[in-house]
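There are 2 protein chains.
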Amino acid sequence: MKQTVFSVDETAGILKLLGDKTRLSIMALLDKRDCCVCELVELFQMSQPAISQHLRKLKDAGLVRETRKAQWIFYSVNKKHELYAFIQDILAHIPSQEEKIKELETKGTRISCE
Amino acid sequence: MKQTVFSVDETAGILKLLGDKTRLSIMALLDKRDCCVCELVELFQMSQPAISQHLRKLKDAGLVRETRKAQWIFYSVNKKHELYAFIQDILAHIPSQEEKIKELETKGTRISCE
DNA sequence: TGCTTATATAAGTATATTGTTATATAATAA
DNA sequence: TTATTATATAACAATATACTTATATAAGCA
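Quick look at the structure:
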């Protein structure tokens, strides 16, 4: 594992962002599979604005990117982010989001957008 | 590196604690060298209550321990903490606090407590 | 003992965070 | 075009956070 060193401020900023269980779970999930907003709304049982606002913070920090596909906007982890390897190290310590992905497979994709 | 997995809640809690630049720096410093409160007050140029309150949060989470030595209370990283290895991984990504330790050596220990 | 030093804690304040509801925007479908 | 769906954003409210100042506690010292 490469141990690149970053500033305390930058690191604290990333940790603060990931120090919210919703955002931490979203990052872990997106790291496995791109998702659209409505999938996250369904999976996390939160309101659409609440999810959008969490995504906004992650996007503002450059941790995720968005891609519109027809009426949906898909979010993905930005693997080009300077701190991507660091974030990977952190995500390696929490349960993989396989269950949530299975939930998506079972219910069908874009579950709440039909 | 062992990649033990913890709950999202527990992990998010630790990240939130470390997601403050003062606490993150304190942890990095204590990881190298035990310090008393007045040393931290001097090094971080913050008020004594502000430092004490940060230490309280770290202590409540079990991340640090305190030991009284005469009139001073020394704080140290709790190496027995369940998430100690995880915290080490995080601290490995920020600059070591060698400079601050040098500052202590230069000025003498317990610099503001004389 | 009374004074000083080191630290903790309580109370108050300003700001940040995270949700809510209401509304705006953009794409698709009828 | 109008209606519907997916998403973003604005405005607001409740709560949390991180300081401040004032005070309490505990140890050492004269």
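If you read the protein sequences in the order shown, they are chains A and B.
Our numbering applies: residue 36 is where the first sequence begins, and numbers increase by one.
Our numbering applies: residue 36 is where the second sequence begins, and numbers increase by one.
Ideal Cβ placement from N, Cα and C applies to all residues, glycine included.
query	result
Distance between beta carbons of TYR110/A and LEU78/A, contact taken as under 8 Å	Going by Cβ atoms, the distance from LEU78/A to TYR110/A rounds to 12 Å, so no, they are not a contact pair.
Chain A contact residues for HIS89/B, given Cβ-Cβ distances below 9 Å	Chain A residues near HIS89/B: none, gap ~12 Å exceeds 9 Å.
Pair within 7 Å by beta-carbon distance, LEU126/B and VAL43/A	no
DSSP three-state assignment for ARG91/A, whether helix, strand or coil	helix
Residues near ILE86/B in its chain [Cβ-Cβ closer than 7 Å; skip 5 each side]	VAL72, LEU75, VAL76 and PHE79
Cβ contact (3+ pairs, closer than 8 Å) linking the region 38 to 58 of chain B and the region 89 to 106 of chain A	no
Where ARG100/A falls: helix, strand or coil (DSSP)	strand
Test item: CB-CB of GLN132/B and ALA47/B under 7 Å	no
GLY54/B beta carbon less than 7 Å from that of LYS51/A	yes
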